Each structure stands twice: as structure tokens, then as C-alpha cells.
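The opening position of the sequence shown corresponds to residue 22 in the working numbering, with each subsequent residue numbered one higher. Ideal Cβ placement from N, Cα and C applies to all residues, glycine included. Please read these numbers as outputs of a predicted model, since none were measured by experiment. Below is one structure, written out as C-alpha cells; the observations come after it.
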Amino acid sequence: MKLAGKITTAIVSLFLIVGLAVGVLAYRAAYGQVDEAVGIELVGCANITTGLVAPADIQALAAGDTTKLNEIQDKIDWIHEHKPIFKEAFILSLDGKILAADSNMRDRGYKAGDTFYFTDKDREMATTMSHGVYSDVYAYDGVGLKTGYGPILSGEGSSQKVVALMAINFDSSIIQERTLSVFEIPLLIGAVLLTIALVAVHFIIRRLIKPIVCLSEQTRLLAQGDLTLEAVPVRGRDEASMLGSDFNEMAGSFRSILSEVRDSSHQVASASEQLTASAVQTGQAGERIHDVALNLEEEASLQRSSLAESSELLQQISSFARQLLISMEELARGADESEQHSRTAGSDLEQASRQMNRTGSALGELRVAIDDMRSHSQEIRQILGVITEISEETQLLALNAAIEAARAGEHGRGFAVVSDNIRKLSERSGSAVRQIHGIVESTLGQIETSAGAMISVSSAADQGTRTFASASRSFSVIQDAWIVSKSKAGTAMEDVKRLSADANAVSERIRLSSSIADGAYARARSLSGSSGEQYASMQEIQASSTLLSRLSEDLFTLVDRFKI
Numbered sequence: 022m023k024l025a026g027k028i029t030t031a032i033v034s035l036f037l038i039v040g041l042a043v044g045v046l047a048y049r050a051a052y053g054q055v056d057e058a059v060g061i062e063l064v065g066c067a068n069i070t071t072g073l074v075a076p077a078d079i080q081a082l083a084a085g086d087t088t089k090l091n092e093i094q095d096k097i098d099w100i101h102e103h104k105p106i107f108k109e110a111f112i113l114s115l116d117g118k119i120l121a122a123d124s125n126m127r128d129r130g131y132k133a134g135d136t137f138y139f140t141d142k143d144r145e146m147a148t149t150m151s152h153g154v155y156s157d158v159y160a161y162d163g164v165g166l167k168t169g170y171g172p173i174l175s176g177e178g179s180s181q182k183v184v185a186l187m188a189i190n191f192d193s194s195i196i197q198e199r200t201l202s203v204f205e206i207p208l209l210i211g212a213v214l215l216t217i218a219l220v221a222v223h224f225i226i227r228r229l230i231k232p233i234v235c236l237s238e239q240t241r242l243l244a245q246g247d248l249t250l251e252a253v254p255v256r257g258r259d260e261a262s263m264l265g266s267d268f269n270e271m272a273g274s275f276r277s278i279l280s281e282v283r284d285s286s287h288q289v290a291s292a293s294e295q296l297t298a299s300a301v302q303t304g305q306a307g308e309r310i311h312d313v314a315l316n317l318e319e320e321a322s323l324q325r326s327s328l329a330e331s332s333e334l335l336q337q338i339s340s341f342a343r344q345l346l347i348s349m350e351e352l353a354r355g356a357d358e359s360e361q362h363s364r365t366a367g368s369d370l371e372q373a374s375r376q377m378n379r380t381g382s383a384l385g386e387l388r389v390a391i392d393d394m395r396s397h398s399q400e401i402r403q404i405l406g407v408i409t410e411i412s413e414e415t416q417l418l419a420l421n422a423a424i425e426a427a428r429a430g431e432h433g434r435g436f437a438v439v440s441d442n443i444r445k446l447s448e449r450s451g452s453a454v455r456q457i458h459g460i461v462e463s464t465l466g467q468i469e470t471s472a473g474a475m476i477s478v479s480s481a482a483d484q485g486t487r488t489f490a491s492a493s494r495s496f497s498v499i500q501d502a503w504i505v506s507k508s509k510a511g512t513a514m515e516d517v518k519r520l521s522a523d524a525n526a527v528s529e530r531i532r533l534s535s536s537i538a539d540g541a542y543a544r545a546r547s548l549s550g551s552s553g554e555q556y557a558s559m560q561e562i563q564a565s566s567t568l569l570s571r572l573s574e575d576l577f578t579l580v581d582r583f584k585i
């Protein structure tokens with residue numbers, strides 16, 4: 022949708038919304054006025070028609086006397102016959118029950134005694150104020166109604182009281198119909214006028230935005246690169262005219278700027294090509310210088326590394342020589358101490374050998390004594406065997422004597438006592454012999470054990486004597502070897518001292534050469550870094566000039582799209 026259509030649609034929508042709002046408000050106001058007029062008319066008719074019936078008859082109906090019911094209902098029919106606009110009429114008791122109904126009410130199924138719609142508000146208004154009142158529009162049994170109530174009074178003066186109400190129903194749809202009928206002609210006229218106004222507004226809007234349409238076409242051509250377009254015609258001093266004037270000025274400025282940019286792009290492209298050629302030549306020269314600097318740096322680094330390795334090796338040799346010298350000094354001291362200890366050990370071994378010889382002699386004498394003890398113990402064992410035999414024979418003799426004494430009777434009693442003592446003594450002797458025999462056997466066992474141990478000790482003593490003699494001879498050989506080693510160690514110490522001094526001198530010269538090589542390496546590295554930076558800078562300049570040349574070509578291509 023174009024701009025004119027959008028603006029027209031917006032205005033139409035606004036008019037419609039405003040018209041609908043005004044129509045709704047006007048309808049509600051008119052509906053209220055019609056509703057009020059209907060209510061007043063209903064109350065007036067109800068008050069007037071209360072004269073058709075006698076209050077006494079109504080009181081009789083309320084009391085249940087239906088004698089005059091038909092007569093009263095016929096009188097009520099007069100209301101609809103003379104006012105057909107009213108839907109129906111009936112007499113309503115104060116408790117909301119129908120006392121009498123016209124034919125229309127009866128046709129709808131209502132009869133005397135039925136309950137009908139009656140609000141407390143309307144009841145209070147009718148009974149307390151004793152004047153007519155009308156209800157709001159309501160729906161009852163599916164029918165929209167509005168009812169006017171006229172009080173039926175009994176009595177005279179201030180003693181009057183309301184005994185019933187004359188009620189007249191009005192169809193509420195008639196209120197809507199009358200309200201709409203009031204709006205038909207004004208609504209039709211308003212719709213025609215609104216249509217004419219909208220058509221006029223549409224044509225006015227199209228005329229107003231015509232310069233904007235022309236400006237939009239010129240802007241489209243400008244966006245496509247056509248700067249040969251004609252100036253937008255400017256008429257008047259409104260905003261659209263000012264916009265056209267500003268557009269013409271912008272197009273002229275843009276055309277001038279593009280012309281200058283096209284000329285400048287040619288110049289930039291030419292200068293960038295020359296700069297690229299110069300940068301290429303300078304970059305090649307810088308690359309050669311950088312290669313030479315790298316070679317110098319590499320050679321200086323190799324020389325520096327070699328000197329550093331040589332210096333480290335000499336330092337290791339010097340350190341090793343110092344450690345060797347310290348070790349040899351400790352070896353010399355150890356040799357002196359070992360020589361002294363070997364002499365002491367040799368003397369001790371000689372004394373130990375002599376002591377072992379004396380021990381061997383003593384062990385030989387002890388062995389002879391043990392053999393004698395073994396022989397004596399054997400003799401004691403034999404003697405104990407003889408004593409044991411004697412003791413056993415004595416026991417037999419004592420037993421025989423006791424037997425004989427028993428045979429002799431009283432004469433042999435003294436002999437029996439002697440034989441019993443002999444037997445006891447023989448038993449004690451046997452027991453003592455057995456104890457002595459056990460002691461002798463134990464002594465013999467110990468003697469045998471001691472003899473075996475003595476043999477082992479004697480053998481070990483002999484072996485120790487031979488070992489001490491061999492060790493004494495070995496210590497003599499070791500002492501002679503230590504004397505020779507001490508002499509050679511002194512000579513080696515002098516050689517190591519000279520080697521350490523020479524290594525220190527060479528290390529000092531290498532340190533000086535390493536310092537010179539470090540300076541040469543630093544200068545070569547500085548030269549390499551400078552040449553590398555120069556080479557990198559020339560590469561950046563070359564890349565920038567190439568980029569500038571490409572950008573100038575792209576700029577010329579972009580500018581060439583426009584028709585100037």
C-alpha cells in the first residue's frame with residue numbers, strides 16, 4: 022500500500038472510531054430519554070386507570086373473594102383496547118401476587134394468585150410514598166418488560182393506605198426500536214458526509230505527497246548510481262519543498278565529491294605502484310643484508326659456544342686436578358697412618374703368635390690331665406661295681422639269717438635284730454653306691470665333653486698360630502708396598518700441581534677469548550635484529566603499498582559505477 026492509501030486508511034479508521042464512539046454515546050443518551058418517557062407514560066396511565074376499579078373490590082380479592090374477579094378483569098381489558106402500545110395490565114398485591122389479569126396476561130398463562138416480578142425497591146417506593154413508580158427494564162420468563170405501578174388507595178385524606186397496585190407492562194423491544202428510529206436519518210446523513218469527506222481527504226493527500234513521490238524516484242536513481250538526474254522541482258515553502266531543495270543540494274555535493282575521489286584514486290594508484298616497486302627493491306637488499314647478518318650471528322654463536330664448552334672442560338679438568346691433589350694428599354696421610362698401623366699390627370701379631378703358642382702348650386697339659394681323670398673315673402666305676410655286688414650279697418645273707426633266726430625262735434631273736442641291721446646297712450650302702458655311680462657317670466660325661474672341646478680348642482689354637490704367622494708375613498709385605506706407594510704418590514702430586522697450574526692459565530686465556538666472542542656475538546645479533554626489523558618494515562611497506570594499490574583500484578571501480 023502506498024503512502025496516500027496508508028494516510029487515508031488511518032484517517033478513515035480514526036473517523037470511524039470517533040463516529041462509533043459518538044454514536045454509542047448518543048444512542049445511550051437517547052435510549053435513556055426514551056426509557057424515561059415510557060416510564061412516565063406508564064405511571065400516568067397506571068394512576069389514571071386505578072379509577073376503573075373500586076378499592077373495596079380489590080380488598081375483597083385480596084381477602085380471597087373472587088365474586089367480582091371476571092368483572093374486574095373485563096374492566097382491566099379496557100386499558101389495552103384504548104392503548105394498544107401497552108403489552109398487558111394486571112392488579113398486583115403488595116406481596117407480589119396477581120389479583121386480577123387482563124386477557125393478554127391470561128393468554129400468556131398467568132392467572133389470579135400467581136406470583137409476578139416485583140422488586141423490594143419498587144414496593145417500598147409505592148407503599149411509603151403512595152405515588153406511582155416505574156421499574157427498570159427487566160427480563161421475566163424470557164420476555165423483556167418495563168412495568169409502571171399506580172397505587173390503589175382506600176380511605177380518605179391522611180388515613181389512605183395502599184391496598185394494591187395497578188401494573189401495566191411495556192415491551193422493552195419497543196424502546197430500542199424507537200431509539201433506533203430517532204437515529205436512522207442522522208446516521209444516513211452522517212455516513213454520506215463522511216464518505217464525501219474521506220474522498221476529498223484522499224485527493225488532497227495525493228496532491229500533498231506528489232513532491233515526495235517525485236523525490237523518491239530521484240532517490241532511487243541516485244541509489245543506482247545515476248548522478249545525471251535532473252533537479253527536483255521545488256514549489257512553495259512547506260516541508261516537502263524544503264526536502265526537495267535539500268535533496269538537490271545533496272546530489273550536487275555528492276557529484277562533486279565523486280569527481281574528486283575519481284581523480285584522487287588515479288593519483289593514489291600511480292603513487293602506490295611506484296612505492297611498491299621501490300619497496301620490492303629495498304626489501305631484496307634488506308633480505309641479503311639480513312642473510313649475511315644471520316650468518317655472522319650463527320658463526321659468532323658457534324665460536325662462543327665452542328669457547329664456552331672449552332672453558333667448561335678446562336674448569337672441569339682444573340676442578341678434577343684439585344680434587345685429585347686433595348685425594349692424593351689424603352692418600353699420603355692415609356699411607357703414613359697405614360704404615361704406622363701395619364707396624365703396630367705386626368708387633369701385635371707377633372705377641373699374639375707367642376701367646377697362642379703358650380696357649381697350645383697349656384692346652385696340651387690340660388689334655389693330659391683330662392685323660393688321667395678319665396682313667397681314674399673308670400677305676401672308680403669298677404670299684405663301685407664290686408661294692409654293689411657285695412651289697413647285694415650282704416642283703417641275701419641278711420635275708421637268710423633272718424630266716425634262720427625265725428626258725429630258732431626265741432633263741433634267734435638277737436641274731437634276727439643283727440641281721441635286720443645288716444640288711445638296712447646293706448640297703449643304705451647300695452643306695453649310696455648308686456648315687457656315687459650316678460655322680461661318676463655324670464663326671465665321665467663332662468670329662469668326655471671337655472676332652473672333645475679341648476681337642477677342638479687345641480686344633481683351633483694350632484690353626485690360629487699358623488694364621489697369625491701368615492698374617493705377620495703379609496703385614497711385612499704390605500708395609501714394604503706402602504713405602505713404595507708413598508714415594509710414587511709424592512711424584513704424582515707434583516705432576517698434578519703442574520697440571521692444575523697449566524689448566525688455570527689456559528682457562529684464563531679462554532675466558533678472555535670468550536669475552537671477545539661475546540662482544541662479537543652481541544654485535545652480530547644486534548646487526549641481525551636491526552636488519553630483520555628493517556626487512557620486516559620493508560615487507561610491511563610493500564604489503565601496505567600493495568594494499569593501497571588494490572584499495573585505490575577498488576575505489577576507482579566503485580566510483581566508476583556512478584554516472585557523473
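Assuming the contact rule is C-beta atoms closer than 8 Å, residue i and residue j should be a hit. Round their C-beta distance to whole Å, please.
i, j, result
"Asp116", "Gln94", "That pair is no contact at about 20 Å."
"Ala185", "Leu90", "That pair is no contact at about 13 Å."
"Ala60", "Gly169", "Note on identity: in this sequence residue 60 is Gly, with Ala being the wrong assignment. Contact flag correct, Cβ pair sits at about 6 Å."
"Glu294", "Ser570", "6 Å"
"Val64", "Gly171", "7 Å"
Which same chain residues, not among the five before or five after residue i, have their C-beta less than 6 Å away from its C-beta?
i, result
"Ala110", "Ile97, Ile100, Asp123 and Ile189"
"Thr200", "Ala51, Tyr52 and Val55"
"Ile28", "Ile226"
"Gly451", "Ser412"
"Ile32", "Val222"
"Ser114", "Ala83, Leu120 and Ala185"
"Gly273", "none"
"Gln181", "Leu174"
With a CB to CB cut of under 8 Å and the five nearest residues on each side skipped, what residues in its chain are close to residue i?
i, result
"Asp157", "Lys167"
"Gly40", "Gly211 and Leu215"
"Ser368", "none"
Please confirm whether residue i and residue j have their CB atoms less than 8 Å apart.
i, j, result
"Met187", "Ala67", "yes"
"Asp192", "Lys132", "no"
"Ile79", "Ile112", "yes"
"Asp141", "Val154", "no"
"Ser18", "Thr470", "What the structure shows of the chain is the stretch from 22 to 585, and residue 18 is not part of that stretch, so it cannot be assessed."
"Ala586", "Ala437", "With the chain covering only 22 through 585, there is no way to say anything about residue 586."
"Ser194", "Gly165", "yes"
"Lys173", "Val183", "The sequence shown places Ile at residue 173, not Lys. Taking 8 Å as the Cβ cut-off, Ile173 and Val183 qualify as a contacting pair."
"Glu448", "Gln416", "yes"
"Phe36", "Leu214", "no"
"Phe224", "Tyr48", "no"
"Thr567", "Thr297", "yes"
"Arg379", "Ala419", "no"
Name the DSSP beta bridge partners of residue i, please?
i, result
"Met187", "Ile112 and Gly171"
"Gly165", "Ala160"
"Thr136", "Lys118"
"Asp192", "Leu166"
"Val154", "Tyr170"
"Lys182", "Ser175"
For the alpha helix (DSSP H) containing residue i, list its first residue and its last residue.
i, result
"Ala122", "No alpha helix (DSSP H) holds Ala122; the beta strand (DSSP E) holding it covers Ile119 to Ala122."
"Ala160", "From DSSP, Ala160 is part of no alpha helix (DSSP H) but of the beta strand (DSSP E) over Tyr159 to Tyr161."
"Ala81", "Pro76 to Ala84"
"Glu102", "Leu90 to His103"
"Arg144", "Asp141 to Met150"
Within the same chain, show all residues whose beta-carbon is closer than 7 Å to that of residue i, passing over the 5 residues directly before and after it, in chain order.
i, result
"Ile69", "none"
"Ser285", "none"
"Met146", "Val154"
Got a sec: does the ligand GTP put a non-hydrogen atom nearer than 7 Å to the Cβ of residue i?
i, result
"Glu198", "The ligand GTP is not among the ligands present in this structure, which contains no ligands whatsoever."
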